[in-house]
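What follows is one structure encoded as structure tokens, with my remarks underneath.
In my numbering, the protein residues as written are 1077 to 1382.
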């Protein structure tokens, strides 16, 4: 690995006011970058020195609103920071669209406080033209949707940590459906280990329970189909900009079939290159025949009486 490759990346995010700088910095932050917006130019060196401790790439938003920022000297400013790999991302946008955006947000253009927005846009475009010409990357956001903008940023600035947080959660329908799950798979069609005396006190984490469930004729085909679905959908959620994805597997009590399903799917997804977290919501609940029989959860008085 060369010395340049070992240096942290320092990206200046700049360009036309209203072109999407804040949205870009939010996206970069979700992708693992250390980000700050509207930083005074005199504080850049101190911020980079502090941010380098995170060992993450660094993105700094500066434009004509930033104190002490001179577009004509932006490259010199970046070049004054030692031991970094600098770059400039310039965000552009058509004038008519910028006017529409300022009108929609009811904000004044920073270079036209007492003039029409188009005057400030023209002035800013002229002032930043040399910076646009020398920029390493130019993205025109005029017709980009938020999803398309994130796709464009990932192509240029994606990091190894740029993946959604994936969580597989088991739960029991008798205790209420998981309210945090984006996707839910109902595993109650499988044979229930609860009704096997030697398996009742165990859970889906235990191999005898997993072996019992795996003998069900519907198990392997179902797991294959769910795996194929998740391997297709997870990257699509990622491309759509979703940063957290929770997949729920439910059974009646939340101790056997749902737990085994989560354990099995976690192993499969790990083998496919994903890094799922595991959460067993109802694993500590006690075995209960009334729950598994579909009668319901007994009241406190009933529990004490039994």
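Note that CB positions come from ideal geometry on N, CA and C, so glycine has one too.
Note that the structure is predicted; figures quoted are calculated from it, not measured.
#1: From residue 1258 to residue 1161, what does the alpha carbon distance come to, in whole angstroms?
#2: Look up residue 1209 in the DSSP assignment and say whether it is helix, strand or coil.
#3: Out of 1204, 1316, 1103 and 1358, which has the shortest C-alpha to C-alpha gap to residue 1245?
#4: Name the DSSP bridge partner or partners of residue 1355?
#5: May I ask you to verify whether the stretch 1246 to 1266 touches the stretch 1319 to 1326, counting CB pairs closer than 8 Å and requiring at least 3?
#6: If I follow the unbroken beta strand (DSSP E) through residue 1090, where does it start and stop?
#7: Under 8 Å, Cβ to Cβ, is there at least one residue of chain C near residue 1126?
#8: Could you spell out the range, first to last residue, of the alpha helix (DSSP H) harbouring residue 1222?
#9: Can you tell which of 1317, 1348 and 1295 has the C-alpha that lies nearest to the C-alpha of residue 1225?
#10: Leaving out five residues before and five after residue 1174 in sequence, what residues of the same chain have Cβ atoms less than 6 Å from its Cβ?
#11: Taking C-beta to C-beta, are residue 1089 and residue 1137 nearer than 8 Å?
#12: Helix, strand or coil for residue 1264, going by three-state DSSP, please let me know.
#13: Just to confirm the assignment, what range does the beta strand (DSSP E) spanning residue 1108 have?
#14: Among residues of its own chain, excluding the 5 on either side of residue 1072, which ones have a beta-carbon nearer than 8 Å to its beta-carbon?
#15: So, with DSSP's three-state summary, where would you put residue 1338?
#16: Determine the DSSP secondary structure at residue 1216, reduced to helix, strand or coil.
#17: CA-CA distance, residue 1366 and residue 1329?
#18: How long is the line joining the alpha carbons of residue 1216 and residue 1167, rounded to whole angstroms?
#19: Using only alpha-carbon positions, find the residue among 1247, 1286, 1231 and 1169 that is nearest to residue 1104.
#20: In this structure, does DSSP put residue 1376 in helix, strand or coil?
#21: So, at 8 Å on beta carbons, what are the nonlocal neighbours of residue 1097 in its own chain, with the 5 sequence-adjacent residues on each side left out?
#22: Hey, how far is the Cα of residue 1313 from the Cα of residue 1101?
#23: Buried or exposed: residue 1383, going by 16 or more other Cβ atoms within 10 Å of its Cβ?
#24: Residue range of the alpha helix (DSSP H) that residue 1124 falls in?
#25: Name the DSSP bridge partner or partners of residue 1168?
#26: If you check the beta carbons only, do residue 1336 and residue 1285 fall under 8 Å apart?
So, from the data block:
#1: For residue 1258 and residue 1161, the distance between alpha carbons rounds to 39 Å.
#2: Residue 1209 falls in the helix class under three-state DSSP.
#3: For residue 1245, the closest alpha carbon among the candidates 1204, 1316, 1103 and 1358 is that of 1358.
#4: Paired residues: 1245.
#5: With three or more CB-CB distances shorter than 8 Å, the stretch 1246 to 1266 counts as touching the stretch 1319 to 1326.
#6: Looking at the DSSP string, the run of the beta strand (DSSP E) that includes residue 1090 is 1085 to 1091.
#7: The displayed structure is made up of one protein chain only, and chain C is not part of it.
#8: Residue 1222 -> alpha helix (DSSP H) spans 1222 to 1233.
#9: From the listed residues 1317, 1348 and 1295, the smallest Cα separation to residue 1225 is found for 1317.
#10: So the qualifying residues of the chain are 1094 and 1197.
#11: Yes.
#12: If DSSP states are grouped into helix, strand and coil, residue 1264 belongs with coil.
#13: That residue, residue 1108, is in no beta strand (DSSP E); it is neither H nor E in DSSP.
#14: Not covered by the structure: residue 1072. The range shown for the chain is 1077 to 1382.
#15: In the structure shown, residue 1338 sits in a helix (DSSP, three-state: H, G or I).
#16: Residue state, collapsed to three classes: strand.
#17: As the crow flies, the alpha-carbon of residue 1366 is around 10 Å from that of residue 1329.
#18: The alpha-carbon of residue 1216 is positioned some 6 Å away from that of residue 1167.
#19: For residue 1104, the nearest C-alpha among the options comes from 1231.
#20: Unreliable positioning characterises residue 1376 in this predicted model, as indicated by a pLDDT of 37, which lies under 50. The coordinate reading is nonetheless provided below. Of the three classes helix, strand and coil, the one that applies to residue 1376 here is helix, per DSSP.
#21: So the list reads 1089, 1090, 1091, 1113, 1137, 1139 and 1167, once near-sequence residues are dropped.
#22: Pairing residue 1313 with residue 1101, the inter-Cα distance amounts to about 20 Å.
#23: Since the first residue of the chain shown is 1077 and the last is 1382, residue 1383 is not available in this structure.
#24: Looking at the DSSP string, the run of the alpha helix (DSSP H) that includes residue 1124 is 1120 to 1127.
#25: Per DSSP, 1216.
#26: With contacts defined by Cβ atoms closer than 8 Å, residue 1336 and residue 1285 form a contacting pair.
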